[in-house]
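From first to last, the protein sequence lines are chains F and V.
In terms of my numbering, the first sequence opens at residue 2 and continues consecutively.
In terms of my numbering, the second sequence opens at residue 4 and continues consecutively.
Just so it is clear, CB atoms sit at the ideal spot from N, CA and C, and this is done for glycine as well.
Presented below is the structure to which this report refers.
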Amino acid sequence: MVSKNCVAMILAGGQGSRLGALTKNVAKPAVPFGGKYRIIDFPLSNCVHSGIDTVGVLTQYEPLELNTYIGNGNPWDLDRSHGGAYVLPPYQSGESGEWYKGTANAIYQNLGFLEGFNPKNVLILSGDHIYKMHYGKMLKAHEASGAAATIAVMPVPWEEASRFGIMNTDETGEIIEFEEKPAEPKSNLASMGIYIFKYDVLKKYLADDERDAESANDFGKNIIPKMLADGEKMMSYRFEGYWKDVGTIQSLWEANMDLIDEPPKFDLNDRSWVIYSRNYALMPHYIGESASVTRSTVTEGCSIDGKIEHSVIFSGVTVGKDAVIKDSVVMPGAVIGEGAVIEKSVIGSNAVIGADAKIGVNHESEDNPYKSKYCTHGIVLIEGGAAVEAGADILKGSMVQA
Amino acid sequence: MRNDTMGIILTGDEKIAPLTDIRANSALPVAGRYRIIDFVLSNMANAGIINVGVATESNYSSLMDHIKSGKPWDLDRKTQGLNILPPNLEQRQFGVIKGNIDLLAGISDYIHRSNQTYVILSLGNMVYNMDLEDVVNKHIETQADITAVYKNLRGRPESDLTRFTLLELDEDNRVKDIEVQPYYPKSSNASMEIYVMEKVLLESIVDECSARGELDFVKDAIIKKMGGMRVFGYEFTGQCYKVDSMRSYYKTNMDFLNADFRNELFNRERPIYTKTKDQSPTKYGEEAVCTNSFISDGCVIEGTVINSVLSRGVKVAKGAVVQNSIIMQDSVIEEGVELNHVVFDKEVCITSGRKLIGQESYPLAISKGTRI
């Protein structure tokens, strides 16, 4: 069999519990984003554009929707005869069989998959970040430096640096120290959770890590510090550009809003770096006689009769007459009744909002039955499939479950 | 599911200048993101047909680019699936295709090799959403030799009816007479140019006609043989548009602004599939005004769009006004441009401040890549 130079492994098993009801039934990488995408479309499309044609997707939490979404990888041109997209769930084997214990353990359990391609390098990605990145360039730098591992980093504002895993590097970019969420950061270069390892080195460290009963089996906590301690050559690869971890409802909302700024902070209408997604047979969208749409994106299958302002409307959404949607994210198939008013909200897939309902319009109150710790900054989340009664008043900071 | 039936699509040759200068009629963009052939292909796929041949006459590169392996229609199969059949010019005596019998004779090998019992032959350039499974079922039930699908265009003016092949039917819906585009129409039953028959019958008709130098499937085969065959009509009651002129092309597109028509053609049970382009959602700017319009993905709308159909990737700059128009893929309308009743082919660019005005009865058509 032909050996691969680089195989990508996407860690897509996380629940993303801070996304509240959005990830009740789906894994975080399958959460809809940007009008017609899901979060996992970004690493998958990046792989294809970077010339990486073999991608393992490690799933664990609520995998059904993610598995069916990825299918045979065709939407990303990853249905290949040799290579392509593979969904890799945890499995039972002769003597043992267990859930993925951590990010490193997940890769360890799939060494058999990697062996089949005999790769020189392995690219580890996480399935919950929004960005466009040419992994091929990083791979080239990795190979040129001869490093055992290369870690993508990006500068973050100094005041936020203590929230990230920070890489302290020398002038050549070689990593000399790694600090997880340091109180007093010495550098503002944050790890993006994107690693390229020499495969033989990775294999050895994963096996060692597996034998260590104390280990959390995590790349950031265990593997990277251990390699540094052993004096392995570790390089940083600097990325400049848009990158967002959409781990909370607030950041997911914000990342959607970044698409509709003028000019957009993150441009999806980029023909040189198309983000692929699974397409459903939907007609173009229809904007009705009484509709008004400004500073927003609308996509296939929508039928809009109301007023849309500064919002991201996903596929197949119906918006009734005199409805007003402002600063909001409306996910696929949602139905917004006539006269409903929605402000700064995330409406889940196929939710039904009754006529004249008010969502996120009135201020929070102490006795709000829907108050949720996940809904910070006054954002309202309506779970996918939930029905909000006509005329209901859902206060800011609420989470309504189905 | 009728996997005992094969589909044959003969791409049309009606000319709609300048749009068909560069493509077969069946490859004409329609309803924003579709091509005319998507409708018949999707209808066949939705009926469970897994063997479809598309016979092309000329200008087929754009059609081949659109259909490719047949993936969007789930017709990329290990065996059978979608077959694009370019004309077999070498075998024809004078190297020119003169009629659809010639086209069918050129693909007789493919027809012979196919192992289905029935065949749906589609000659037309029609936009419709039909349950073809039911047509085949009825064909078998009535023990017809040929079933011709028609639409009753009751109440339409004669000038409109003369565009069609018209069927005269008896009370049992048996076809008594057929007239191809008669000047004085005697019936309002317009053939949709969809015929169902057993495959062996089609083969013998093509062989016979071809041997006698006859050219037309309807005029030379069905009409001449009607006496000895059971030819029945199947009435289609849904919406159906024949795209054979700029006027009908314009009207077909504009009718997608009507909710009933739109929801019938794009119903959830029988989706219409097309090649996907992975364009990002359409973006509306701060000053955008858009009403009663059908908009595809990848557009950037900063100006005004009213009563119009936009294909993928169209840009309408600030201050531009587009009304009653059909704008195809990747056209660019710069600032201050005013458009009314125009049909733009792909990649047309109208520079700042120009004004282009057509009429509903005579839309102004601009060919691909024009810069004004």
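- A straight line joining the alpha-carbon of Ile226(V) with that of Ile348(F) spans about 60 Å.
- The continuous stretches of alpha helix (DSSP H) do not include Gly241(V), and DSSP gives it neither H nor E.
- Nearest to Gly14(F) by C-alpha distance, out of Gly21(F), Gly57(F) and Val49(F), is Gly57(F).
- Across the set Gly147(F), Leu23(F) and Lys187(F), the C-alpha of Lys187(F) shows the shortest separation from the C-alpha of Pro156(F).
- About 5 Å separates the Cβ atoms of Asp148(V) and Arg233(V), confirming a contact at the 8 Å cut-off.
- Listed along chain F are Asn270, each with a C-beta nearer than 9 Å to that of Val303(V).
- Contacts between Thr59(V) and chain F, judged by CB atoms closer than 8 Å, are missing: the closest CB pair is about 24 Å apart.
- In the pairwise beta carbon analysis, the stretch 27-44 of chain V is classified as not touching the stretch 388-401 of chain F: fewer than three pairs are separated by under 8 Å.
- Rounded to the nearest angstrom, the gap between the Cα atoms of Ala50(V) and Ala58(V) is 20 Å.
- Rounded to whole angstroms, Arg250(V) and Asn327(V) show a C-alpha spacing of 13 Å.
- For Val32(F), there is no enclosing beta strand (DSSP E), since its DSSP letter is neither H nor E.
- Here Ala153(F) is bridged, per DSSP, to Tyr238(F).
- With its beta carbon less than 7 Å from one in chain F, Phe297(V) belongs to the interface.
- DSSP, read as helix, strand or coil, puts Ala142(F) in helix.
- With a threshold of 16 other beta carbon atoms within 10 Å, Ala20(V) falls short and is exposed.
- In this structure, DSSP gives Ala388(F) an extended state, which the three-state scheme calls strand.
- At least one CB atom of chain V sits nearer than 7 Å to the CB of Ser297(F).
- Tyr109(F) places its beta carbon 7 Å or farther from that of Tyr243(F).
- Between Gly21(F) and Met400(F) a beta carbon distance of about 5 Å is seen, short of the 8 Å cut, so the two are scored as contacting.
- Where Ala86(F) is concerned, the enclosing beta strand (DSSP E) starts and stops at Gly85 to Leu89.
- Bridge partners of Arg36(V) according to DSSP: none are assigned.
- The C-beta of Asp223(V) has 16 or more other C-beta atoms within 10 Å across all chains shown, which makes the residue buried.
- In this structure Gly301(V) does not touch Lys321(V) by the C-beta definition: roughly 19 Å separates them, more than the 8 Å allowed.
- For Asp281(V) against Val275(F), the beta-carbon gap comes to about 5 Å, under 8 Å, which counts as contact.
- Listed in chain order, the alpha helix (DSSP H) elements of length 4 or more contained wholly in the stretch 126-208 of chain V are 135-144 and 161-164.
- With a contact defined as Cβ atoms closer than 8 Å, Phe179(F) and Pro226(F) qualify at about 6 Å.
- Contact with chain V is found for Gly36(F), since one of that chain's Cβ atoms lies less than 7 Å from the residue's Cβ.
- From the beta-carbon of Ser334(V), no residue of chain F is found nearer than 8 Å; the closest lies around 15 Å away.
- At least one CB atom of chain V sits nearer than 7 Å to the CB of Glu301(F).
- The residue from Ala162(F), Lys121(F) and Thr170(F) with its alpha-carbon nearest to that of Asn189(F) is Ala162(F).
- Between the alpha carbons of Glu290(V) and Tyr238(F) lies a gap of roughly 41 Å.
- DSSP links Gln362(V) through a beta bridge to Tyr365(V).
- C-alpha of Asp201(F) to C-alpha of Leu115(F): approximately 11 Å in a straight line.
- Shown here is that no member of the stretch 162-181 of chain F has a Cβ falling below 7 Å from a Cβ of chain V.
- Nearest to Glu174(V) by alpha-carbon distance, out of Tyr237(V), Ser296(V), Gly288(V) and Asp68(V), is Tyr237(V).
- Exposure of Tyr186(V) is indicated by the presence of fewer than 16 other C-beta atoms within 10 angstroms of its C-beta.
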